[in-house]
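Asker: Dropping a structure here in structure tokens format, bear with me for questions.
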Amino acid sequence: TLLNALAFRSARGVQISPSSVRMLNGHPVDAKEMQARCAYVQQFDLFIGSLTAREHLIFQATVRMPRTMTQKQKIQRVDQVIQDLSLGKCQNTIIGVPGRVKGLSGGERKRLAFASEALTDPPLLICDEPTSGLDSFMAASVVQVLKKLSQRGKTVILTIHQPSSELFELFDKIL
596 TLLNALAFRS ARGVQISPSS VRMLNGHPVD AKEMQARCAY VQQFDLFIGS
646 LTAREHLIFQ ATVRMPRTMT QKQKIQRVDQ VIQDLSLGKC QNTIIGVPGR
696 VKGLSGGERK RLAFASEALT DPPLLICDEP TSGLDSFMAA SVVQVLKKLS
746 QRGKTVILTI HQPSSELFEL FDKIL
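Counting with my numbering, you get residues 596 to 770 for the letters of the sequence shown.
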């Protein structure tokens, strides 16, 4: 619920005082401004299992990126995000449906969820339990990708339960 409050997402049963103020870089922000600057990666991803990772990102780019961008520019952005999030080896693999249709691994699905949000190049990325359901190796690879994004100037805020000592070492600031 903390992440939902920060991102101006309403949570059932939770009321935020109208007098509360959310600040970004020392300046008050409203819901519209926060939505423009923030991407929110939910704990549970929603994908069309029959698409490949690349097809999914092209679809996302087509519907979410500005109409002023050409399709060529959108494809170039997709290629950049695939590279940034280490999805090159699996870009032509179907996403699949866990337990039904074989496809991407859990870690690849998480990175694809980040990639979907990173397409619009938001300065702030909020991630709700990005390692949930992953084994220790996949969890480490996901956190390393998030660390790489933070080193490139993105602010990454996430919640995580019971991180291993190796994962804990990757975080810059902990609240």
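Yeah, the Cβ is synthetic: ideal placement off N, Cα and C, and Gly gets one too.
#1: Name the two residues that bound the continuous alpha helix (DSSP H) containing V740.
#2: Give me whichever residues DSSP pairs with A634 in a beta bridge.
#3: Can you tell which of S745, L770, R617, R704 has the C-alpha that lies nearest to the C-alpha of E628?
#4: Does the distance from the C-beta atom of A634 to that of T715 stay below 8 Å?
#5: Would you check if the region 633-651 and the region 705-725 touch, i.e. whether three or more CB-CB distances between them fall below 8 Å?
#6: Three or more C-beta pairs closer than 8 Å, one from the region 651-670 and one from the region 723-738: is that the case here?
#7: When the distance is taken between beta carbons, is G698 closer than 8 Å to G644?
#8: When the Cα atoms are used, what is the spatial distance from S681 to F603?
#9: For E761, count neighbouring C-beta atoms within 10 Å of its own C-beta (all shown protein chains included) and say buried if the count is 16 or more, exposed if not.
#10: Measure the Cβ-Cβ separation of R632 and P717 and say whether it is below 8 Å.
#11: Would you kindly work out how many angstroms separate the C-alpha atoms of S790 and S759, rounded to a whole number?
Answerer: Quick answer:
#1: As a working note, residue 740 is residue 145 in the sequence shown. Its alpha helix (DSSP H) spans residues 731-746.
#2: As a position in the sequence shown, residue 634 is number 39, starting the count at 1. Paired residue(s): L720.
#3: Counted from its first residue, the sequence shown places residue 628 at position 33. Of the candidates S745, L770, R617, R704, the one whose C-alpha sits nearest the C-alpha of E628 is R617.
#4: The sequence position of residue 634 within the sequence shown is 39, counting from 1. The sequence position of residue 715 within the sequence shown is 120, counting from 1. Yes, the Cβ-Cβ distance between A634 and T715 is below 8 Å.
#5: yes
#6: No contact exists between the region 651-670 and the region 723-738.
#7: Taking the first residue of the sequence shown as 1, we reach residue 644 at position 49. Taking the first residue of the sequence shown as 1, we reach residue 698 at position 103. Against a cut-off of 8 Å, the Cβ pair of G698 and G644 comes out as a contact.
#8: Residue numbering aside, residue 681 sits at position 86 when the sequence shown is read from its first letter. Residue numbering aside, residue 603 sits at position 8 when the sequence shown is read from its first letter. Computed Cα separation, rounded: 30 Å.
#9: Within the sequence shown, the letter at position 166 stands for residue 761. The residue in question, E761, is exposed, as its Cβ has fewer than 16 Cβ neighbours within 10 Å.
#10: Along the sequence shown, one-based indexing puts residue 632 at 37. Along the sequence shown, one-based indexing puts residue 717 at 122. Yes; because the gap between Cβ atoms is below 8 Å, this pair is in contact.
#11: The requested residue 790 is not part of the displayed model; the chain covers only 596 to 770.
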